[in-house]
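So the protein sequences, as listed, match chains A and B. Here the first sequence is numbered in my numbering, starting from 3 and rising by one per residue. Here the second sequence is numbered in my numbering, starting from 601 and rising by one per residue.
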Amino acid sequence: MDPMESIKQTYFQECDELLVAMEEGLIAMESGEADDEIINAVFRAVHSIKGGGGAFGFENLVAFAHIFETVLDLIRSGQLAPEPDVVKCLLRAGDLISDHVGAARSGDTSGIDDGDVKEELRGFAGESGDEGGEEDFEGLDFAPMQFAFGEEEAAPKLPSVWHIRFVPHASLYAKANEPYLILRELACLGDISVEADLSRLPALCSLDAEEAYIAWNIELRGEVERPAIEEAFEFAAEDCDLTIEQAEQDLPDLPGLPDPPGLPDLPELGQPEPLPDLQAEPVKAEAPADAPVETRKEAAAPAVKEAAPQTIRVDLDKVDRLVNLAGELVITQAMLAQSVQDAGFGATSRLGNGLLEFEHLLRELQESVMAIRTQPVKSVFQRMPRLVRELAAQTGKQVRLLVEGETTEVDKTVIDRIGEPLTHMIRNAIDHGLESTEDRIANGKPAEGTVKLSAEHRGGRIVIEIADDGAGINRARVREKALEKGLISPTATLADEEIDNLIFMPGFSTASTVSNISGRGVGMDVVRRSIVELGGRIVIVSTPGKGSRFVLTLPLTLAVLEGMVVAVGDQTYVLPLSNVVESMKPSASEIEAYGREWELLNVRNTYVPLISIGKLLGVEGATKGVGQGVAVLIESEGTGRFALLVDAILGQRQVVIKSFENNYRHIEGIAAATILGDGRVALILDVDGLAGLCRDRSGGAMPAELQATGS
Amino acid sequence: MSKVVLTVDDSRTIREMLRAALSDAGHTVLQAEDGVHGTEVLADAGNVDVIITDINMPRMDGYGFIDHVRSSELHRAIPILVLTTESEPAKKQRARDAGATGWIVKPFDPAKLLAAVRRVAP
């Protein structure tokens, strides 16, 4: 890749990080929690975005960042108070700069309307519409000189002779400038002859090594203009006495020159050099050489803790290979342990002990490797404040977003896919959940509605919650709508939570995709499907008048599954534990036939379809007798509740998922495979797939869950 | 002519641009992410010919860093170039007062950068 192109990629990656830091800082400013360091960080973020943007010529971005930065600088230096209206404008500016970065990245910089905000920022900065002209325009000073040569158009080409008197001060050396280098630059311009003026050099015994004693008289001949000479002295100009004079030449029209040749003046310039002054400096420089370092170290020490952890960027593929390898290792270890045991070595033998130790280390290795794939949910959560601001503006509601647990770590795939469902639910919470400000006040609630977004680890899973303090789900309305759409029968008696769950039914909502932004109760079924695809589930808890909570439960990682290991005949299968509700040993009386194909299981007076895995998959030696085996009650998003009949439950364990699709092809009813401790391959069952398979075999609909009536 | 150049900037983009331009010209590049990190890299590095530093940085800014270098017996003679923009003359002056040797105006092109290095590094 072209190096500039790769640096540009770096720039955009960095922008993403800087935008996050900026947004966090701005939000802290909004809530009044910002200290100087936070404001500084916001300033630096915008400054860095501007700096890199300038290097790549993103003009719109730079222009906007410039005025944004100016206002932040005023706040930083205490000249502008971060009042709510200022911060509000800054937040909008933050959104816009993020848009600018996005536009620069996509190459389409046309569609951003930042005029209003720019104008507002200028207002805060005390600038009127036009930016002031260039401040530094050094070249202009020398224009009159060129006029002096007026007639000769070719003035620069004319060889001239310059006499330069250069008297460095001690400060020039203190700043690590070096006369030799300046002379070297001059030598690049033309022929030079240099004469060192040692007249001020004292006797060696009284020489101060930090002092400047030597001056230089330089004669420069060549096609040289004054600005070029000035440029050579640019860094040193403030730390020396400098005269640059053009010497008399064989030119006919010299009278036009402003000053007489300067050499006679030189002694005057050299003499008034106040030596005592200079002497003061080195003393100052030497004495405190150590002390300030001490205090600086102290000042820096507390800040060190805040430094961001060191990170490296790694290809996701590499990490996945590691995850996979660690999984394989665990399996190999288990097989090894089995062989060792079979060979008659006890757990207390040296071999057994060593293996145990090996197992512990492997587990740790596996966990550490998995941890690499996890990231804080922050990267998703941080997108929400902007969304809330925009929705609040659109709906005219006052909304406060509370975010908790954003450092909670989640698998990368979850991070990548959870954004849209979350966006969607927050949109719903604000659009439908929260009442209008007037209604809230009328109901004795605070005018400002609250939406809370939180994440935490709970029982080996990630729980993400979106809660609002709005009106709660309007059950009458939901029921009405479900009837209208033919989703429920008019006679159905539904519990409150069953009504709440109707909003997840496909077909309940008018729109079908998550990306639809019309904001009319869209696609909660799509939200649910996204969550289920991630191996998670979603639950609603709604209280009329008090608000709703959507609770998402997600697995920590997608590479490992918490499974229930079951035996069917000579086969071992794994059921995803997230689908398992309970298990029971049904007696013959609890199982009833339903038509020719189906059996129903009575679970506390509710009949659910009972599917025998042995029969369905044709496993040899599986229990066939009614009333034998174990029924596992399953709840799935797609099928609802049903029971699976197996021979026995062997246990519960984490299994490493080996994808079928990647290695073979999709098989209906089977989600994936795994390798068990004893080295045998077990299939992980897809419960919805099994139900589907069963429906296809029987050639008819699956009986719905029924309430038992009397006998 | 090959120099050891320490670049101190909190922006990864700018660090990478400096590195690209400087190493193309045959210089060895050391990097630090802020002033504190700069002092650490400087302490570990055997020899640094030129320092290029940004001003706005977390933990220790450019002024603090220049001050640190200038008050170190060992390092005070190292030329320091600060990165500024045309719109911040006050910053340039303050850096100069803190002991900066010269400056590079952002956005810089490699030629300008290398010329500035040449002008301060023996």
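Glycine included, C-beta positions come from ideal geometry on N, C-alpha and C.
Can you round the beta-carbon distance between residue i and residue j to whole angstroms, since I take them to be within the 8 Å contact cut?
{"i": "Phe644/A", "j": "Val610/A", "result": "5 Å"}
{"i": "Leu63/A", "j": "Cys91/A", "result": "In fact, because the Cβ distance is near 18 Å, the residues do not count as touching under 8 Å."}
{"i": "Thr409/A", "j": "Pro448/A", "result": "Their Cβ separation, rounded to whole angstroms, is 28 Å, which puts Thr409/A and Pro448/A out of contact at 8 Å."}
{"i": "Ile678/B", "j": "Val650/B", "result": "7 Å"}
{"i": "Ser585/A", "j": "Ile651/A", "result": "6 Å"}
{"i": "Ala457/A", "j": "Gly407/A", "result": "4 Å"}
{"i": "Tyr215/A", "j": "Pro204/A", "result": "7 Å"}
{"i": "Ile374/A", "j": "Val416/A", "result": "About 14 Å separates the two Cβ atoms, so there is no contact after all."}
Taking the alpha-carbon of residue i as reference, which of the options has the nearest alpha-carbon?
{"i": "Gly117/A", "options": "Glu85/A, Trp164/A, Ala67/A, Val163/A", "result": "Ala67/A"}
{"i": "Ala57/A", "options": "Gly699/B, Asp697/B, Phe708/B, Glu633/B", "result": "Phe708/B"}
{"i": "Gly27/A", "options": "Asp18/A, Ala47/A, Ala238/A", "result": "Ala47/A"}
{"i": "Thr555/A", "options": "Ala431/A, His426/A, Lys399/A, Ile420/A", "result": "Ile420/A"}
{"i": "Gly96/A", "options": "Val119/A, Gly109/A, Gly446/A", "result": "Val119/A"}
{"i": "Gly547/A", "options": "Lys587/A, Val583/A, Asp441/A, Ala336/A", "result": "Asp441/A"}
{"i": "Ser173/A", "options": "Asp654/B, Asp644/B, Thr701/B", "result": "Thr701/B"}
{"i": "Ser370/A", "options": "Ala189/A, Glu392/A, Ala590/A, Asp413/A", "result": "Asp413/A"}
{"i": "Gly329/A", "options": "Glu7/A, Glu670/A, Ile659/A, Asp698/A", "result": "Ile659/A"}
{"i": "Glu221/A", "options": "Ala633/A, Leu191/A, Val73/A", "result": "Leu191/A"}
{"i": "Gly549/A", "options": "Asn445/A, Gly488/A, Gln11/A", "result": "Asn445/A"}
{"i": "Ser33/A", "options": "Ala473/A, Leu403/A, Ala633/A", "result": "Leu403/A"}
{"i": "Ala431/A", "options": "Asp690/A, Leu327/A, Val543/A", "result": "Val543/A"}
{"i": "Ala395/A", "options": "Thr439/A, Leu324/A, Val648/A", "result": "Thr439/A"}
{"i": "Met704/A", "options": "Leu612/A, Val657/A, Ile686/A, Gln654/A", "result": "Leu612/A"}
Applying the criterion that 16 or more other CB atoms from any shown protein chain within 10 Å of the CB defines a buried residue, is residue i buried or exposed?
{"i": "Asp502/A", "result": "buried"}
{"i": "Tyr666/A", "result": "exposed"}
{"i": "Pro84/A", "result": "buried"}
{"i": "Gln368/A", "result": "buried"}
{"i": "Val316/A", "result": "exposed"}
{"i": "Ile615/A", "result": "buried"}
{"i": "Ser162/A", "result": "buried"}
{"i": "Glu601/A", "result": "buried"}
{"i": "Met1/A", "result": "Because residue 1/A is not part of the residues shown, which for chain A are 3 to 713, the question remains open."}
{"i": "Gln716/A", "result": "Since the displayed chain A opens at 3 and closes at 713, residue 716/A lies outside it and no answer follows."}
{"i": "Asp610/B", "result": "buried"}
{"i": "Ser714/A", "result": "With chain A covering 3 to 713 only, the question about residue 714/A has no answer from this structure."}
Starting from the C-beta of residue i, find all residues in its chain whose C-beta is less than 7 Å away, skip the five residues before and the five after it, and write them out in chain order.
{"i": "Trp703/B", "result": "Leu681, Val682, Thr684, Lys692, Ala695"}
{"i": "Cys207/A", "result": "none"}
{"i": "Ser602/B", "result": "Gly626, His627, Thr628"}
{"i": "Ala30/A", "result": "Ala36, Ile40"}
{"i": "Ile184/A", "result": "Ala234, Phe235, Ala238"}
According to DSSP, is residue i part of a helix, a strand, or is it coil?
{"i": "Leu554/A", "result": "strand"}
{"i": "Val621/A", "result": "coil"}
{"i": "Phe151/A", "result": "In this prediction, Phe151/A has a pLDDT of 38, which is less than 50 and means its spatial position is unreliable; nothing more can be read from the coordinates."}
{"i": "Tyr13/A", "result": "helix"}
{"i": "Ala513/A", "result": "Because the pLDDT at Ala513/A is just 42, under 50, the model does not fix this residue reliably, and the point stays unresolved."}
{"i": "Gly113/A", "result": "coil"}
{"i": "Asn665/A", "result": "helix"}
{"i": "Lys454/A", "result": "strand"}
{"i": "Gln81/A", "result": "coil"}
{"i": "Leu683/B", "result": "strand"}
{"i": "Pro689/B", "result": "helix"}
{"i": "His675/B", "result": "coil"}
{"i": "Ile41/A", "result": "helix"}
{"i": "Ala716/B", "result": "helix"}
{"i": "Glu467/A", "result": "strand"}
{"i": "Gly272/A", "result": "Model confidence at Gly272/A stands at a pLDDT of 40, short of 50, so the residue's coordinates are unreliable and nothing is read from them."}
{"i": "Tyr575/A", "result": "strand"}
{"i": "Tyr175/A", "result": "helix"}
{"i": "Gln630/A", "result": "coil"}
{"i": "Asp193/A", "result": "strand"}
{"i": "Glu564/A", "result": "strand"}
{"i": "Pro611/A", "result": "strand"}
Report all residues from its chain with a CB closer than 8 Å to the CB of residue i; omit the five preceding and five following residues, and keep chain order.
{"i": "Asn42/A", "result": "Arg78"}
{"i": "Glu71/A", "result": "Phe45, Val48, His49, Lys52"}
Looking only at its chain, what residues have a beta carbon closer than 6 Å to the beta carbon of residue i, apart from the 5 residues adjacent to it on each side?
{"i": "Gly638/B", "result": "Val608, Ala632, Phe665"}
{"i": "Asp100/A", "result": "Note that residue 100/A is Ser in the sequence shown, not Asp. Closer than 6 Å at Cβ, skipping near neighbours: Leu21."}
{"i": "Arg676/B", "result": "Arg670"}
{"i": "Val103/A", "result": "Cys17"}
{"i": "Ile333/A", "result": "Ile677"}
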